[in-house]
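K.L.:
Can you read through this structure? Questions will come right after.
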Amino acid sequence: MTLSVTGISAQYKLDARQLKLDPYAWLDQQNDQQNSGIVNGEYYEIKRISKHSHQFFGDDSWVLGEIIFRNQLFDSVYLTYDIHSDLLLIRHPTQYIYHNQPIKPVQEQISSFQILEHQFIRIDEQKLNGFYDLLFSGQNLRLVVKRHKQTYVENSVEFEPDNRYYLHKDGNYLPLKRKSSILKIFPGNKKDIKTFINRNRLDIRPGNDSDYIRIIDYLDSQIGNSL
Numbered sequence: 035m036t037l038s039v040t041g042i043s044a045q046y047k048l049d050a051r052q053l054k055l056d057p058y059a060w061l062d063q064q065n066d067q068q069n070s071g072i073v074n075g076e077y078y079e080i081k082r083i084s085k086h087s088h089q090f091f092g093d094d095s096w097v098l099g100e101i102i103f104r105n106q107l108f109d110s111v112y113l114t115y116d117i118h119s120d121l122l123l124i125r126h127p128t129q130y131i132y133h134n135q136p137i138k139p140v141q142e143q144i145s146s147f148q149i150l151e152h153q154f155i156r157i158d159e160q161k162l163n164g165f166y167d168l169l170f171s172g173q174n175l176r177l178v179v180k181r182h183k184q185t186y187v188e189n190s191v192e193f194e195p196d197n198r199y200y201l202h203k204d205g206n207y208l209p210l211k212r213k214s215s216i217l218k219i220f221p222g223n224k225k226d227i228k229t230f231i232n233r234n235r236l237d238i239r240p241g242n243d244s245d246y247i248r249i250i251d252y253l254d255s256q257i258g259n260s261l
């Protein structure tokens with residue numbers, strides 16, 4: 035059997051009975067397999083409760099990404115991110131019978147991951163906990179968004195996006211909803227903020243990531259040094 039994890043391949047003699055009984059122990063016992071730690075976790079059953087929508091970020095299939103787990107980078111890993119339950123899942127990295135079996139790594143040991151050109155970071159604070167999409171990181175300000183899907187029931191259960199934005203300033207994460215939230219955070223710069231928003235025709239509301247990024251980038255570069 036050839037075991038390939040994050041671009042590293044090695045040849046092993048496979049004891050199928052041992053792998054069937056305890057695949058984690060089998061992987062961890064293999065010599066020279068430095069990346070077997072990515073499998074540390076538990077099997078997870080994906081439950082699909084909607085016929086027309088899904089609970090995942092972007093795509094409901096496995097996509098290539100990278101993950102920093104226990105301070106180690108693993109790239110070329112197949113991932114899927116359940117934003118309804120805030121769970122990052124990986125596809126079992128072996129080419130054996132567990133290949134399509136989802137694994138739930140220890141979530142608290144994931145510091146960040148990249149999927150579909152988005153970087154998610156883990157935040158563990160009193161008010162914010164879990165994975166957040168890092169939209170902007172400047173010298174003074176940081177903008178993150180909590181990707182979430184909530185459920186509603188009509189004729190069947192459906193998932194609906196529910197994105198919540200937060201600005202990191204002076205060591206605190208502050209909720210952003212619309213333009214009024216930004217004006218409240220920067221009361222001394224209301225005129226400049228309104229002028230920039232109107233001149234660039236920005237629509238500050240959930241779902242408009244690019245407009246959030248433009249105004250926070252402006253604040254970071256033009257106003258940040260005087261805050």
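If you're matching positions, the sequence shown starts at 35 in our numbering and goes up one per residue. No residue lacks a Cβ here, since even glycine has one placed at the ideal position from N, Cα and C.
(1) How far does the alpha helix (DSSP H) with residue 232 in it extend, from its first residue to its last?
(2) Report yes if the CB atom of residue 102 is closer than 8 Å to the CB atom of residue 171, and no otherwise.
(3) Under the rule that 16 or more other beta-carbon atoms within 10 Å means buried, what is residue 113, buried or exposed?
(4) Between the beta-carbon of residue 175 and the beta-carbon of residue 211, is there less than 8 Å?
(5) In three-state terms, what does DSSP make of residue 266?
(6) Taking DSSP as the reference, what is the three-state secondary structure of residue 251?
(7) What did DSSP end up calling residue 60 once you bin it into helix, strand or coil?
(8) How many angstroms separate the CA atom of residue 233 from the CA atom of residue 100?
(9) Give the single residue among 247, 151, 191 whose Cα lies nearest to the Cα of residue 85.
(10) Tell me, to the nearest whole angstrom, how far the beta carbon of residue 247 is from that of residue 177; I am working on the premise that it is less than 8 Å.
(11) Let me check understanding here. Comparing Cα to Cα, which of 207, 223, 96 lies closest to residue 213?
(12) Measure how close the beta-carbons of residue 115 and residue 144 come, nearest whole angstrom, since I'm counting them as under 8 Å.
(13) Going by alpha carbons, who is nearest to residue 90 out of 108, 124, 76?
P.N.:
Checking against the coordinates, here is how it stands:
(1) 224-233
(2) no
(3) buried
(4) no
(5) Lying before the first or after the last residue shown, residue 266 is absent from the chain, which here runs from 35 to 261.
(6) helix
(7) Only weak support is given to the placement of residue 60: the predicted model assigns it a pLDDT of 44, under 50, and the value that follows is read from those uncertain coordinates. DSSP places residue 60 in helix when its eight states are reduced to three.
(8) In a straight line, the C-alpha of residue 233 is about 38 Å away from that of residue 100.
(9) 191
(10) Confirmed, Cβ separation roughly 7 Å.
(11) Checked all of 207, 223, 96; the closest Cα to residue 213 is 223.
(12) The beta-carbon separation of residue 115 and residue 144, rounded to 11 Å, does not stay under the 8 Å limit for a contact.
(13) It is 124 whose Cα lies nearest to the Cα of residue 90.
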